[in-house]
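S.K.:
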Amino acid sequence: MNHLPTSSGSLALTRFPEDPRDQLRAWDAADEYLLRHLEENGIAATVTGPRTTVVAGDRWGALTTALAGAAGGAGEVVQITDSFLGQEATRANLERNRIGSGSVRLLSTQDVPPERIDLLIVRVPKSLALLEDQLHRLAPAVHAGTVVVGTGMVKEIHTSTLKLFEQIIGVTKTSLAVKKARLIFCTPDPSLAPGPSPWPRSYELPAGVGAASGRTVVNHAGVFCAERLDIGTRFFLPHLPQHEGPERVVDLGCGNGVVGTAVALANPRAEVIFTDESFQAVASAEATFRKNLGPDAPAEFRIGDTFAGVEAGSVDLVLNNPPFHTHQATSDQTSRRMFRGAREALRTGGELWVVGNRHLSYHVMLQRTFGNCRVVTSDPKFVILRAVKR
């Protein structure tokens with residue numbers, strides 16, 4: 080656990096799920112820079128009467144917790160995030176710092192945003208598409224008096240980033256860089272009419288990818304590979320296990336749901352569970368599945384941490400393309416949790432199939448977790464691995 084100093088006192092903050100071995104902090108220099116700017120300029124107190132502060136893209140709840148705990152308060156604080164883990168981290172950090180949650184509203188990127196925003200804080204996401212979608216969704220609630228401040232590390236803020244603020248919200252400028260972080264200042268222009276968000280988008284899969292060939296994929300903003308099939312999944316799809324009859328399959332870290340949809344197309348008797356910690360991803364997976372199998376086809380769509388809500392020993396097959404980074408940090412912690420969760424969820428004899436870059440050490444992790452691991456197939460860039468629960 081680390082402590083973030085603020086004008087209202089030190090905040091004890093962690094990521095979620097909390098891991099004593101995790102050396103990564105729940106905030107960075109961009110969060111510090113923004114909070115210091117708000118404190119030095121008294122921005123949270125410039126709006127009189129009832130007011131709504133929206134914090135979009137808060138990664139682990141540091142900004143939401145600090146604003147909710149600020150002296151004098153910041154009115155109602157609304158966090159909007161695509162991350163289930165980030166949302167849970169915010170809940171835990173509010174409780175840890177004894178900050179009442181009554182004045183804090185936690186929304187996902189799929190929820191309807193507030194009708195009026197007086198202070199808009201934007202933590203610039205890694206995905207430009209997600210920023211575009213969120214600014215379009217938030218713009219109708221912004222008024223001429225809204226204070227809009229964005230923050231991010233210098234490497235996250237590009238000309239294209241500023242152009243989106245300029246086109247959707249209003250005149251935009253940036254601060255000097257401090258500790259490799261930068262602020263974005265945007266003055267709302269009520270005369271702008273940016274229109275609705277251009278997301279979600281769809282594309283057709285190529286031939287030669289098994290049961291999903293020629294099918295349609297639906298991607299909400301911010302979901303991996305929004306314009307075309309990524310090369311790892313393209314390698315995975317033709318090599319998926321060919322099973323018939325009833326089986327319970329989990330598309331773990333489902334993204335846009337193309338893998339689980341391919342399973343359902345190849346085996347109509349399969350019961351597929353799509354799970355991801357991204358609200359945008361689960362919405363994409365459901366849209367992709369419904370587009371190809373219809374509104375009444377059976378499937379489950381779950382937002383949560385790995386196998387949350389899945390009964391131990393109830394799954395026949397888990398399919399997984401693990402992420403190897405969390406925001407900008409490269410880490411194998413997520414894949415380790417996924418593999419441990421898969422072993423618990425699988426019945427005896429159940430299988431975990433994993434695709435990943437050859438240079439990653441997934442075979443070592445699987446051997447340690449399952450006691451076995453074999454290569455199904457590989458090419459110069461990717462490898463497909465299979466582990467069986469004994």
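Just so you know, we're using the working numbering here: the sequence shown kicks off at 80 and counts up by one. Glycine is no exception: its CB is placed at the ideal position from the N, C-alpha and C atoms. Here the structure is a predicted model, which is why all the values come from computation and not from measurement.
1. First and last residue of the alpha helix (DSSP H) that includes residue 175?
2. Note the first and the last residue of the continuous beta strand (DSSP E) segment covering residue 311.
3. Please determine, among 118, 108, 363 and 432, the residue with the shortest C-alpha to C-alpha distance to residue 87.
4. Quick check on the DSSP output: the beta strand (DSSP E) that includes residue 155 runs from which residue to which?
5. Quick check: the segment 281-292 against the segment 310-325, are at least 3 beta-carbon pairs closer than 8 Å?
6. Would DSSP call residue 322 helix, strand or coil?
7. Along the beta strand (DSSP E) that carries residue 364, what are the first and last residues, could you check?
8. Which word fits residue 460, buried or exposed, when buried means at least 16 other C-beta atoms lie within 10 angstroms of its C-beta?
9. Any heavy atom of the ligand ADP within a distance shorter than 7 Å of the CB on residue 452?
10. Name the two residues that bound the continuous alpha helix (DSSP H) containing residue 237.
11. Hey, which unbroken runs of the beta strand (DSSP E) at 3 residues or more fall wholly within the segment 188-217?
12. Helix, strand or coil for residue 267, going by three-state DSSP, please let me know.
13. Run the CB neighbour count on residue 363, radius 10 Å, all protein chains shown included, and call it buried at 16 or more, exposed below.
14. Measuring CB atoms only, is the segment 188-199 touching the segment 222-235, in the sense that at least three cross pairs come out at less than 8 Å?
15. Could you give the first and the last residue of the continuous alpha helix (DSSP H) run that contains residue 444?
16. Take residue 276 and list the residues in its own chain whose beta-carbon comes closer than 8 Å to its own, dropping the five residues that flank it on each side.
17. Give a yes or no on contact between the segment 352-367 and the segment 135-155, applying the rule of three or more CB pairs nearer than 8 Å.
18. For residue 255, count neighbouring C-beta atoms within 10 Å of its own C-beta (all shown protein chains included) and say buried if the count is 16 or more, exposed if not.
19. According to DSSP, is residue 404 helix, strand or coil?
20. Using a threshold of 8 Å, state whether the C-beta atoms of residue 203 and residue 143 are closer than that.
21. Can you have a look at residue 99 and say buried or exposed, based on whether 16 or more other CB atoms are within 10 angstroms of its CB?
22. Starting from residue 180 and walking both ways along the beta strand (DSSP E), at which residues does that stretch end?
23. Helix, strand or coil: which one does DSSP assign to residue 281?
24. Quick check: the Cα distance between residue 122 and residue 348, rounded to an integer number of angstroms?
25. Let me check understanding here. Comparing Cα to Cα, which of 102, 457, 416 and 439 lies closest to residue 448?
26. Going by other Cβ atoms of all chains shown within 10 Å of its Cβ, with 16 needed for buried, is residue 140 buried or exposed?
27. Whose CA, out of 250, 353 and 232, lies closest to the CA of residue 113?
28. How many angstroms separate the CA atom of residue 184 from the CA atom of residue 169?
M.R.: In this structure, then:
1. 163-175
2. Segment 310-315 is the alpha helix (DSSP H) holding residue 311; no beta strand (DSSP E) there.
3. 118
4. 155-160
5. yes
6. coil
7. Here residue 364 belongs to no beta strand (DSSP E); instead the alpha helix (DSSP H) covers 358-372.
8. exposed
9. Judged by which ligands are present, the structure shown has none, so any question about the ligand ADP falls away.
10. Premise fails: residue 237 is in no alpha helix (DSSP H) and is neither H nor E.
11. 196-202
12. strand
13. buried
14. yes
15. 441-449
16. 211, 212, 215, 216 and 300
17. no
18. exposed
19. Low local confidence applies: a pLDDT of 48 at residue 404 is under 50, so the model's placement there is unreliable, and no value is given.
20. no
21. exposed
22. Looking at the DSSP string, residue 180 is not in any beta strand (DSSP E), and its letter there is neither H nor E.
23. strand
24. 57 Å
25. 416
26. buried
27. 232
28. 11 Å
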